[in-house]
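Student: Sharing a structure below in structure tokens format, with a few things to ask.
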Amino acid sequence: MTKNNNYIAAENRYQKMNYRRTGNSGLLLPELSLGLWHNFGDNDNFKNARNLLKCAFDNGITHFDLANNYGPSPGAAEENFGKILKKDFKNYRDELIISSKAGYGMWPGPYGDNGSKKYLISSLDQSLRRMGLEYVDIFYHHRPDHETPLEETMSALDLMVKQGKTLYVGISNYHPKEAEKAFKILKNLGTPCLIHQPKYNLFDRWIEDGLLNTLKKSGVGTICFSPLAQGMLTDKYINGLPKDSRAVKESPFLNTDTVFEMLPKIKELNEIAKNRNQSLAQMAISWILKDDRITSVLIGASKTEQILDSVKATENTHFSEEELMNINTVLL
Ligand SMILES: NC(=O)c1ccc[n+]([C@@H]2O[C@H](COP(=O)([O-])OP(=O)(O)OC[C@H]3O[C@@H](n4cnc5c(N)ncnc54)[C@H](OP(=O)(O)O)[C@@H]3O)[C@@H](O)[C@H]2O)c1
């Protein structure tokens with residue numbers, strides 16, 4: 000809702016969302032979180048970006064996920080997010096969980112990539128400046144770096160907490176063995192790992208092979224990214240290739256060949272979703288949320304309608320044995 004150009008969040012927003020505890024911590028996260036990887040860059044429509052964040056928050060999505068390199072250009076998503084925070088969310092900072100990350104290449108030279116203390120500490124300082132924040136709520140190491148001692152990377156995360164620049168820390172894209180090692184180091188430093196951010200969706204189920212159990216056993220939360228396989232697990236590609244879709248717009252991460260390859264499975268999954276009275280996007284999200292080891296599903300969106308569609312997934316996260324079997328048969 001916009002009144003005199005001042006955004007006032009929907010009063011009933013917390014009735015529209017369920018919140019789950021993040022591992023053994025005190026922090027509750029919404030079942031759906033919104034990521035700013037796409038649609039918040041230099042070439043994206045700023046008004047649309049503003050509306051996406053407002054729509055999410057009006058529906059109880061309290062968690063916005065960023066990274067130093069989100070754009071394009073790298074850093075642009077954090078800058079745009081900072082502007083929107085200032086315009087629309089300045090009265091809501093304490094109702095928001097804002098995360099950022101570092102771990103991929105961000106600036107030239109030997110200190111702008113990977114997992115050294117030098118890179119991570121400088122990068123968080125830059126992220127805070129871009130967003131106009133004193134602290135983030137969660138800071139992640141974005142991907143494992145096998146060249147840097149894990150002790151150094153984890154002690155950088157610990158230092159950020161001690162400096163008051165982040166409240167919690169997490170890791171992303173770590174495999175079970177290295178994740179367990181990281182949790183142990185962080186625990187010994189007195190900064191327990193809050194959360195792990197892996198990719199997980201109907202087409203990519205690698206975390207079922209050990210990681211989910213490791214996280215449960217370690218009391219660490221799980222927030223899954225790309226739950227819709229970047230839009231493939233929706234009905235948008237069934238009748239052609241929409242011009243404004245991620246696969247058609249220039250994206251190094253999703254191309255039309257992959258969409259065509261997956262199309263037969265997408266069509267079959269869409270039929271199962273219809274029988275559940277869900278859109279395919281809703282079923283893909285519900286399917287993840289059926290597992291109570293999951294804390295939150297981290298969606299992306301290019302349109303407010305997509306957020307409104309996806310939040311309805313939380314209304315039905317139960318699957319019959321037959322539905323699960325039918326889904327597994329399609330995925331074989
Ligand atoms: N830690 C990591 O390494 C890592 C990596 C990747 C992502 N992430 C995080 O995860 C977030 C989400 O990733 P993602 O964008 O790949 O997630 P996703 O939810 O799998 O894909 C989002 C895209 O799907 C389409 N979409 C979303 N809802 C829809 C709906 N209801 N109906 C039809 N289409 C719909 C939109 O595509 P169109 O643009 O085609 O409309 C949207 O941009 C990122 O923003 C980022 O925060 C983290």
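Each residue of the sequence shown is one higher than the one before, counting from 0 in numbering that gives the first Met the number 0. Where is the CB? At the ideal position from N, CA and C, for every residue including glycine.
Alpha carbon to alpha carbon, what distance is there between threonine 147 and aspartate 112?
Tutor: Taking C-alpha positions only, aspartate 112 is separated from threonine 147 by approximately 11 Å.
Student: Which runs of the beta strand (DSSP E) fall wholly inside the segment 260-300 and span at least 3 residues, in chain order?
Tutor: 295-298
Student: For phenylalanine 224, is the beta carbon positioned less than 7 Å from some heavy atom of ligand 1?
Tutor: yes
Student: At the level of alpha carbons, what is the spacing between valine 247 and methionine 231?
Tutor: 12 Å
Student: Note down, in chain order, each residue of its chain lying with its Cβ closer than 8 Å to the Cβ of tyrosine 134, except the 5 sequence neighbours on either side.
Tutor: Within its own chain, the residues whose Cβ lies closer than 8 Å to the Cβ of tyrosine 134, once the five positions on either side in sequence are excluded, are Leu127, Gly163, Lys164, Thr165, Leu166, listed in chain order.
Student: Measure the C-alpha to C-alpha separation of aspartate 144 and asparagine 276 and round it to an integer number of angstroms.
Tutor: 44 Å
Student: On the three-state DSSP scale, how would you describe aspartate 308?
Tutor: The answer is helix: DSSP assigns aspartate 308 an H, G or I state.
Student: For threonine 316, which residues of its own chain have a beta-carbon under 6 Å away from its beta-carbon, when the five flanking residues on both sides are left out?
Tutor: Cβ neighbours of threonine 316 beyond the five flanking positions: Ser285, Leu288, Lys289.
Student: Give the C-beta separation of asparagine 58 and lysine 15 to the nearest angstrom, bearing in mind that I take them to be a contact with Cβ-Cβ under 8 Å.
Tutor: 5 Å
Student: Figure out for me which residue from Ser122, Asn67, Ala283 has the closest Cα to the Cα of leucine 298.
Tutor: Correcting the residue type first, residue 298 is isoleucine in the shown sequence and not leucine. Of Ser122, Asn67, Ala283, the residue nearest in Cα terms is Ala283.
Student: Please classify lysine 161 as buried or exposed, where buried requires at least 16 neighbouring CB atoms within 10 angstroms.
Tutor: exposed
Student: Cα separation between glutamate 30 and proline 191?
Tutor: 22 Å
Student: Only counting runs of 4 or more residues, tell me where the alpha helix (DSSP H) segments fall wholly within the segment 39-106, in order along the chain.
Tutor: The qualifying runs are 45-57, 75-87.
Student: Out of Met130, Arg12, Pro73, Leu84, point me to the one whose CA is closest to asparagine 5's CA.
Tutor: Leu84
Student: Who are the near neighbours of phenylalanine 63 in its chain, counting only those whose CB is closer than 6 Å to its CB and skipping five residues on each side?
Tutor: Once the five neighbours on either side are set aside, the close Cβ partners of phenylalanine 63 are Leu33, Ile97.
Student: Measuring from the CB of isoleucine 265, is there a heavy atom of ligand 2 at a distance below 7 Å?
Tutor: Of the ligands one can find in the structure shown, namely ligand 1, none is ligand 2.
Student: Using the Cα positions of phenylalanine 214 and asparagine 50, report the straight-line distance between them to the nearest angstrom.
Tutor: Correcting the residue type first, residue 214 is leucine in the shown sequence and not phenylalanine. Distance between the alpha carbons of leucine 214 and asparagine 50: 34 Å.
Student: Tell me the DSSP bridge mates of threonine 165?
Tutor: Val135
Student: By the 10 Å Cβ neighbour count, where 16 or more other Cβ atoms means buried, how is glycine 169 classified, buried or exposed?
Tutor: buried
Student: Quick one: using the 10 Å Cβ neighbour count with 16 as the cut-off for buried, is lysine 89 buried or exposed?
Tutor: exposed
Student: Say the cut is 7 Å; is the CB of alanine 75 nearer than that to a heavy atom of ligand 1?
Tutor: no
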